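Number of protein chains: 2
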Amino acid sequence: MARTAPEPLTPRLSRDVLIDACLRIADSEGPEAVTMRRLGSELGVDPTAVYRHFRDKTELLIAMADRLLIEAMRGFSPSGSWRADLRDLATRARRTYLAHPRLAFLVAAADAPLPSESRISEMALGALRRAGLPDNEAVLAFQAIEGYTAGTSSLDAASGPGGGEAWRRAFAALPEEEFPNLSAIAPLMYREDEAAFEFGLDLMLDAIEARLEAETD
Amino acid sequence: MARTAPEPLTPRLSRDVLIDACLRIADSEGPEAVTMRRLGSELGVDPTAVYRHFRDKTELLIAMADRLLIEAMRGFSPSGSWRADLRDLATRARRTYLAHPRLAFLVAAADAPLPSESRISEMALGALRRAGLPDNEAVLAFQAIEGYTAGTSSLDAASGPGGGEAWRRAFAALPEEEFPNLSAIAPLMYREDEAAFEFGLDLMLDAIEARLEAETD
DNA sequence: ACCTGAACACCGTTCAAGT
DNA sequence: ACCTGAACACCGTTCAAGT
Numbered sequence: 074m075a076r077t078a079p080e081p082l083t084p085r086l087s088r089d090v091l092i093d094a095c096l097r098i099a100d101s102e103g104p105e106a107v108t109m110r111r112l113g114s115e116l117g118v119d120p121t122a123v124y125r126h127f128r129d130k131t132e133l134l135i136a137m138a139d140r141l142l143i144e145a146m147r148g149f150s151p152s153g154s155w156r157a158d159l160r161d162l163a164t165r166a167r168r169t170y171l172a173h174p175r176l177a178f179l180v181a182a183a184d185a186p187l188p189s190e191s192r193i194s195e196m197a198l199g200a201l202r203r204a205g206l207p208d209n210e211a212v213l214a215f216q217a218i219e220g221y222t223a224g225t226s227s228l229d230a231a232s233g234p235g236g237g238e239a240w241r242r243a244f245a246a247l248p249e250e251e252f253p254n255l256s257a258i259a260p261l262m263y264r265e266d267e268a269a270f271e272f273g274l275d276l277m278l279d280a281i282e283a284r285l286e287a288e289t290d
Numbered sequence: 074m075a076r077t078a079p080e081p082l083t084p085r086l087s088r089d090v091l092i093d094a095c096l097r098i099a100d101s102e103g104p105e106a107v108t109m110r111r112l113g114s115e116l117g118v119d120p121t122a123v124y125r126h127f128r129d130k131t132e133l134l135i136a137m138a139d140r141l142l143i144e145a146m147r148g149f150s151p152s153g154s155w156r157a158d159l160r161d162l163a164t165r166a167r168r169t170y171l172a173h174p175r176l177a178f179l180v181a182a183a184d185a186p187l188p189s190e191s192r193i194s195e196m197a198l199g200a201l202r203r204a205g206l207p208d209n210e211a212v213l214a215f216q217a218i219e220g221y222t223a224g225t226s227s228l229d230a231a232s233g234p235g236g237g238e239a240w241r242r243a244f245a246a247l248p249e250e251e252f253p254n255l256s257a258i259a260p261l262m263y264r265e266d267e268a269a270f271e272f273g274l275d276l277m278l279d280a281i282e283a284r285l286e287a288e289t290d
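See below:
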């Protein structure tokens, strides 16, 4: 009798399908929920099937990071203002790191730059050189802004939501004689992560601008 | 017959003894080696004995972080120059975060400020207020500098030693037409984490200084 | 009061086996 | 070529029991 066609030739898994599942789990249940077993259950597949497509979990997460950073930069194009460009790039990266607290660490610990990272670096270095910064300073400024953006955003993401309130209360409760500054300023502390991030970014950009003016004198 | 004295009244464990053991293990084998079982073997004690002194592992690591930050600030005293003070505080904190890559995350995720952190905040806010910054700006500047220092240092610590060399090679190998800036600058990238950190810190301090001068005009 | 030890509910990963 | 499933070597933590 007629035999049915041989078993499915199309693989059920692929790198993209796995990355999609990672993102779905991370977004709905948090990054700590992304385990091989959870991934297997999400896709109705044995947990160890993942190893047919990625060497290990780190390689999978790195691929996810690359996807997220590419997505974050989609549609960016230089505006004519180096300052606006750097702000735009930093803001896009920040949003990604806020949504995925562990991403920056993964990227930093990788043993090669992600493709997305090369593209971001290219764009940011382009902005700094167009601004007129000499190459040696462009590198230092790039590293400073990159570290600031990735670092502060990751730490902001790690601090629990509504954590600011608890810290203000703790600071306000400290003895005034020993902590005169903190006592006085307590009500203002950690109110707006976003404002603090932009303040610090603008400090750096202001100083770069001042440096450029000094050099053209 | 004479009975020996009752069993040892002095506990074999204490919070300080456990923190010491953590530091010994972290320094010699890296932070990932600090497990409850390893802690037990280090002290010749059952791994679960730790729970008599700390609620969970996080509480233990937070106590370790507090110890390290107190140690880092030992001997600091205001110099008369707000700028030198902030630089000194940031450099001390950076050294600690470089030596312990996960510390900043722990501190950020804690549900209350560490005692050491209150003291550091008090000193840094004092410097910014002495500089002449209004309170609302002092808070933002403090948060920016704190995040920059903790963030970049933690990320620098996470990147493998000698990682810079691999990244330079990868950047140099990119197609020049698509990555003109990165190709040109590749040999200069990620050469000196320390120089980049100080460059970024000085950018922020320069901008704060400029702001102060503008306000007194 | 403090520590032990078995046990539980997890991890990432390897490897021989299936289809 | 791709997936399964048992197994290994780990984790943090709980709880009843010992002394």
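Protein chains in written order, with our numbering: chain A, 74 to 290; chain B, 74 to 290.
From the three backbone atoms N, C-alpha and C, an ideal C-beta is built for every residue, glycine too.
Predicted, not measured: the structure shown is a model, and the values here were computed from it.
Residue i and residue j look like a contact to me (Cβ under 8 Å); what is the Cβ gap, rounded to whole Å?
i, j, result
"isoleucine 218(B)", "methionine 277(B)", "6 Å"
"aspartate 100(A)", "leucine 171(A)", "Aspartate 100(A) to leucine 171(A), Cβ: 13 Å. No contact."
"isoleucine 281(B)", "alanine 231(B)", "Wrong, their Cβ atoms sit about 28 Å apart, outside the cutoff."
"threonine 169(B)", "alanine 145(B)", "4 Å"
"alanine 243(A)", "alanine 185(B)", "5 Å"
"histidine 173(A)", "leucine 141(A)", "6 Å"
"isoleucine 258(A)", "valine 212(B)", "6 Å"
"alanine 166(A)", "threonine 222(A)", "5 Å"
Alpha carbon to alpha carbon, how far is residue j from residue i? Give it in angstroms, no decimals.
i, j, result
"phenylalanine 127(B)", "threonine 108(B)", "14 Å"
"glycine 224(B)", "aspartate 139(B)", "17 Å"
"threonine 62(A)", "tyrosine 124(B)", "Outside the shown range of chain A (74 to 290) lies residue 62(A), about which nothing can therefore be said."
"serine 256(A)", "glutamate 250(A)", "9 Å"
"arginine 175(A)", "leucine 112(A)", "18 Å"
"serine 189(A)", "glycine 148(A)", "13 Å"
"isoleucine 98(B)", "glycine 235(B)", "23 Å"
"glutamate 195(B)", "glycine 153(B)", "16 Å"
"leucine 247(A)", "serine 191(B)", "9 Å"
"leucine 86(B)", "serine 114(B)", "13 Å"
"asparagine 254(B)", "proline 151(A)", "14 Å"
"leucine 261(B)", "glutamate 238(B)", "10 Å"
"alanine 200(B)", "aspartate 208(B)", "12 Å"
"tyrosine 263(B)", "leucine 206(B)", "33 Å"
"serine 226(A)", "alanine 268(B)", "22 Å"
"leucine 187(A)", "alanine 136(A)", "8 Å"
"arginine 156(B)", "valine 90(A)", "52 Å"
"alanine 283(A)", "threonine 289(A)", "10 Å"
"isoleucine 92(A)", "phenylalanine 178(B)", "25 Å"
"arginine 241(A)", "arginine 160(A)", "29 Å"
"leucine 116(A)", "glutamate 132(B)", "36 Å"
"aspartate 119(B)", "glutamate 102(B)", "20 Å"
"aspartate 129(A)", "leucine 162(A)", "30 Å"
"leucine 96(A)", "glycine 233(A)", "21 Å"
"proline 84(A)", "arginine 88(B)", "54 Å"
"glutamate 210(A)", "aspartate 158(B)", "25 Å"
"aspartate 266(B)", "glycine 220(A)", "10 Å"
"arginine 202(A)", "alanine 287(A)", "16 Å"
"glutamate 105(A)", "alanine 106(B)", "20 Å"
*Mind listing, in chain order, the continuous beta strand (DSSP E) runs of no fewer than 3 residues lying wholly within the region 150-190 of chain A?*
The qualifying runs do not exist here; there are none.
*asked:* Check whether the region 262-278 of chain B and the region 209-224 of chain A touch, using three or more Cβ-Cβ pairs below 8 Å as the test.
replied: yes
*Note down, one range per segment and in chain order, each alpha helix (DSSP H) of at least 4 residues found wholly within the region 234-261 of chain A.*
236-245 and 253-258
*Contacting positions in the region 268-288 of chain B - beta carbon closer than 7 Å to chain A*: Ala268, Ala269, Phe272, Gly273, Leu276, Met277, Asp279, Ala280, Ile281 and Ala283
*Of all the residues that make up the region 182-205 of chain B, which are near chain A by a beta-carbon distance shorter than 7 Å?*
Ala182, Asp184, Ala185, Pro186, Ser191, Ser194, Glu195, Leu198, Gly199 and Arg202
_Segments assigned beta strand (DSSP E), at least 3 residues, entirely inside the region 82-113 of chain A_ = none
*Between the region 231-244 of chain A and chain B, which residues of the former have CB atoms less than 8 Å from a CB of the latter, in chain order?*
Ala231, Ser232, Gly233, Gly236, Ala239, Trp240, Ala243 and Phe244
*Could you please tell me which residues of the region 119-148 of chain A, in chain order, have their CB closer than 8 Å to any CB of chain B?*
If the cut-off is 8 Å between Cβ atoms, the region 119-148 of chain A has nothing near chain B.
_Along the region 91-115 of chain B, where does the CB come closer than 7 Å to a CB of chain A? Name the residues._
none
*Write down every uninterrupted run of the alpha helix (DSSP H) in the region 192-237 of chain A whose length is 4 residues or greater and which is fully enclosed by it, in chain order.*
208-231
*Just by C-beta distance, which residues in the region 204-219 of chain A are closer than 9 Å to chain B?*
Flagged, chain order: Asp208, Asn209, Glu210, Ala211, Val212, Leu213, Ala214, Phe215, Gln216, Ala217, Ile218 and Glu219.
*Using a beta-carbon distance cut-off of less than 7 Å, what residues from the region 153-178 of chain B approach chain A?*
Hits within the stretch, in order: Ala177 and Phe178.
_For a minimum of 4 consecutive residues, which ranges assigned as the alpha helix (DSSP H) are wholly contained in the region 121-148 of chain B?_
130-146
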